[in-house]
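Undergrad: So that you can map any letter, position 171 of the sequence shown is 774 in my numbering, and since no number is skipped, the others follow by simple counting. Using N, Cα and C, we set each Cβ at its ideal position, and we do this for glycine too. First, the structure itself, so that you have it in front of you.
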Amino acid sequence: MADLDDIRDGKNYGVGVQQKTEGFYLKGSNNLDWGMKDRLSRIFNPATGRTVMLAFDHGFIMGPTSGVERIDLSILPLIEYADCLMCARGVLRSLVPPTSRKPVCLRSDAGTSILTELNNNVVIDIQDAVKLNASAIAVMVAIGDHSYEAQTVANLYQAVDAGQMSGIPVMGVTAVGKDMARDARYFSLASRVCAENGANIVKTYYTEGFEKVVACCPVPIVIAGGKKLPELEALELAYMAIQSGAAGVDMGRNVFQSEKPAAMIQAVGAVVHKGLKPADAFQMFNDL
Ligand code: 5RP
604 MADLDDIRDG KNYGVGVQQK TEGFYLKGSN NLDWGMKDRL SRIFNPATGR
654 TVMLAFDHGF IMGPTSGVER IDLSILPLIE YADCLMCARG VLRSLVPPTS
704 RKPVCLRSDA GTSILTELNN NVVIDIQDAV KLNASAIAVM VAIGDHSYEA
754 QTVANLYQAV DAGQMSGIPV MGVTAVGKDM ARDARYFSLA SRVCAENGAN
804 IVKTYYTEGF EKVVACCPVP IVIAGGKKLP ELEALELAYM AIQSGAAGVD
854 MGRNVFQSEK PAAMIQAVGA VVHKGLKPAD AFQMFNDL
């Protein structure tokens with residue numbers, strides 16, 4: 604039986620004080636369930652609404668490419684500066700300490716390597732994402748690819764269904780095949796298709812006219828860094844994306860292929876969360 608000793612009558616009902624009903628701070632996310640919002644708020648800092656995701660999922664397609672040959676040596680020291688980790692499940696289990704206490708955006712499609720054209724990608728079982736305590740799952744979509752557009756959109760669609768059941772947000776990752784234009788028109792289309800099919804976050808590439816890409820996408824957009832650029836240019840890229848309305852970056856090579864990866868991720872963080880201008884962030888990078 605419950606302990607009935609000294610059960611006191613309530614006194615502080617706050618009668619007349621209206622209970623606050625707050626909206627959720629992320630674009631397009633107000634109607635999601637509590638678990639989804641909780642996970643999104645681990646990824647996107649509630650104080651700024653933005654995120655610095657550290658992407659090191661490259662090996663799942665590229666193998667031991669420059670900067671990710673030894674995750675333990677190159678990536679683990681950067682974890683403390685990231686808001687969220689983006690990686691595949693093998694590296695997560697084998698190398699990322701579960702004591703890191705960082706949210707994980709789990710790369711969740713598989714089936715391709717750089718040795719072949721895009722393949723018939725499949726999505727990992729949502730139960731594995733649950734076991735890994737993923738805060739989001741990332742699924743690539745190849746809009747405009749005649750062979751695999753339908754398959755990859757179906758993958759995203761199914762991932763969203765599974766994610767909804769488990770309260771796990773889905774990030775749609777827009778692929779850029781050889782034949783696809785890298786302009787605002789294409790990225791607007793690809794991002795919107797991801798969001799319309801239920802993606803809670805979209806990852807795409809910065810391009811001229813990016814404010815239009817952001818404006819017509821009903822959920823937060825983060826940008827990939829893309830190929831390694833000189834540090835100042837990478838900081839300019841992050842700055843322009845944020846100024847255009849991006850909710851953050853999901854950056855890999857421009858961090859871990861930098862000569863000073865820890866300085867670079869901190870400088871990127873200052874651009875994303877504090878709006879530091881590229882020249883000031885570059886100074887910060889040099890000073891660190
Ligand atoms: C590849 C990815 C990568 O994680 C993404 O491209 C981010 O890395 P980078 O900044 O190096 O481009 O999703 O599909």
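Among 671, 729, 818, 814, which has the Cα closest to the Cα of residue 630?
TA: What you label residue 630 is simply residue 27 of the sequence shown in a count that begins at 1. Ranking 671, 729, 818, 814 by Cα distance to residue 630 puts 818 first.
Undergrad: Please specify which runs of the beta strand (DSSP E), each continuous and at least 3 residues long, are wholly inside the region 775–843, giving them in chain order.
TA: 804–807, 824–827, all fully within the region 775–843.
Undergrad: Taking 8 Å as the cut-off, is the C-beta of residue 748 nearer than that to any heavy atom in the ligand 5RP?
TA: The residue you call residue 748 lines up with position 145 of the sequence shown. Because no heavy atom of the ligand 5RP lies under 8 Å away, the Cβ of residue 748 does not count as near it: no.
Undergrad: At which residues does the alpha helix (DSSP H) containing residue 759 begin and terminate?
TA: Numbered from 1 along the sequence shown, position 156 holds the residue referred to as residue 759. 752–769 is the span of the alpha helix (DSSP H), which, as asked, contains residue 759.
Undergrad: Nearer than 8 Å: is that true of the beta carbon of residue 740 relative to any heavy atom of the ligand 5RP?
TA: Here residue 740 refers to the residue found at position 137 when the sequence shown is read from its first residue. No, the beta carbon of residue 740 sits no closer than 8 Å to any heavy atom of the ligand 5RP.
Undergrad: Rounding to the nearest angstrom, what Cα-Cα distance links residue 798 and residue 682 in this structure?
TA: Here residue 798 corresponds to residue number 195 of the sequence shown, with the count starting at 1. Here residue 682 corresponds to residue number 79 of the sequence shown, with the count starting at 1. Distance between the alpha carbons of residue 798 and residue 682: 28 Å.
Undergrad: In or out: residue 861 buried (at least 16 other Cβ within 10 Å) or exposed?
TA: The residue given as residue 861 occupies position 258 in the sequence shown. Residue 861 comes out buried.
Undergrad: Considering only their Cβ atoms, is the gap separating residue 745 from residue 721 smaller than 9 Å?
TA: Counting from 1 along the sequence shown, the entry for residue 721 is found at position 118. Counting from 1 along the sequence shown, the entry for residue 745 is found at position 142. Yes; because the gap between Cβ atoms is below 9 Å, this pair is in contact.
Undergrad: Looking only at DSSP bridge pairs, what is residue 656 linked to?
TA: For this step, residue 656 is matched to residue 53 along the sequence shown. Paired residue(s): 687, 853.
Undergrad: Between residue 809 and residue 728, what straight-line distance do the alpha-carbon atoms span, to the nearest angstrom?
TA: On the sequence shown, position 206 is the one that residue 809 refers to. On the sequence shown, position 125 is the one that residue 728 refers to. Their Cα atoms are separated by approximately 31 Å.
Undergrad: Suppose contacts are defined by Cβ-Cβ distances below 9 Å. Is residue 892 in contact with residue 740 by that definition?
TA: Missing from the structure shown is residue 892; the chain here goes from 604 to 891 and no further.
Undergrad: Name the one or two DSSP bridge partners that residue 710 has.
TA: Numbered from its first residue, the sequence shown carries residue 710 at position 107. Answer is 691, 741.
Undergrad: Here's a check: name, in chain order, each residue in its chain whose Cβ is nearer than 7 Å to the Cβ of residue 755, leaving out the five neighbours to either side.
TA: Here the question's residue 755 lines up with position 152 in the sequence shown. Answer for residue 755: 724, 743, 744, 745, listed in chain order.
Undergrad: On the criterion of 16 or more Cβ atoms from any shown chain inside 10 Å, does residue 661 qualify as buried, or is it exposed?
TA: On the sequence shown, position 58 is the one that residue 661 refers to. Flag for residue 661 reads buried.
Undergrad: Please tell me whether, using a cut-off of 8 Å, the distance from the CB of residue 804 to the nearest non-hydrogen atom of the ligand 5RP is below it.
TA: One-based indexing of the sequence shown puts residue 804 at position 201. Outside the cutoff, so no.
Undergrad: By the 10 Å Cβ neighbour count, where 16 or more other Cβ atoms means buried, how is residue 869 classified, buried or exposed?
TA: Working through the sequence shown from its first residue, we reach residue 869 at position 266. Buried is the call here.
Undergrad: Looking only at DSSP bridge pairs, what is residue 648 linked to?
TA: Within the sequence shown, numbered from 1, the residue matching residue 648 stands at position 45. 653.
Undergrad: Please name the residue in 619, 636, 620 whose C-alpha comes closest to that of residue 627.
TA: In the sequence shown, the residue the question calls residue 627 occupies position 24. Comparing Cα positions, the closest option is 636.
Undergrad: Tell me where the alpha helix (DSSP H) around residue 872 begins and ends.
TA: The residue given as residue 872 occupies position 269 in the sequence shown. That run of the alpha helix (DSSP H) goes 864–877.
Undergrad: Is residue 841 close to the ligand 5RP? I mean its beta-carbon at under 8 Å from any heavy atom of the ligand.
TA: If you number the sequence shown from 1, residue 841 lands on position 238. Not so, every heavy atom of the ligand 5RP lies at least 8 Å from the Cβ.
Undergrad: Can you tell me whether residue 618 is helix, strand or coil according to DSSP?
TA: Translated into positions along the sequence shown, residue 618 becomes position 15. Correct three-state label for residue 618: coil.
Undergrad: Alpha helix (DSSP H) containing residue 576: first to last residue?
TA: One cannot answer for residue 576 here, as it falls past the ends of the chain, which runs 604 to 891.
Undergrad: I'd like the span of the alpha helix (DSSP H) that includes residue 730, first residue to last.
TA: Your numbering for residue 730 matches position 127 in the sequence shown. First-last of the alpha helix (DSSP H) with residue 730: 729–734.
Undergrad: For residue 700, is the classification buried or exposed, using 16 other Cβ atoms within 10 angstroms of its Cβ as the cut-off for buried?
TA: Numbered from its first residue, the sequence shown carries residue 700 at position 97. The residue in question, residue 700, is exposed, as its Cβ has fewer than 16 Cβ neighbours within 10 Å.
Undergrad: Between the C-alpha atoms of residue 651 and residue 686, what's the straight-line distance to the nearest angstrom?
TA: Against the sequence shown, residue 651 aligns to sequence position 48. Against the sequence shown, residue 686 aligns to sequence position 83. Near 12 Å, if we compare the C-alpha coordinates of residue 686 and residue 651.
Undergrad: According to DSSP, is residue 671 helix, strand or coil?
TA: Taking the sequence shown and counting its residues from 1, one reaches residue 671 at position 68. If DSSP states are grouped into helix, strand and coil, residue 671 belongs with coil.
Undergrad: Can you round the beta-carbon distance between residue 770 and residue 639 to whole angstroms, since I take them to be within the 8 Å contact cut?
TA: Counting from 1 along the sequence shown, the entry for residue 770 is found at position 167. Counting from 1 along the sequence shown, the entry for residue 639 is found at position 36. Contact flag correct, Cβ pair sits at about 5 Å.
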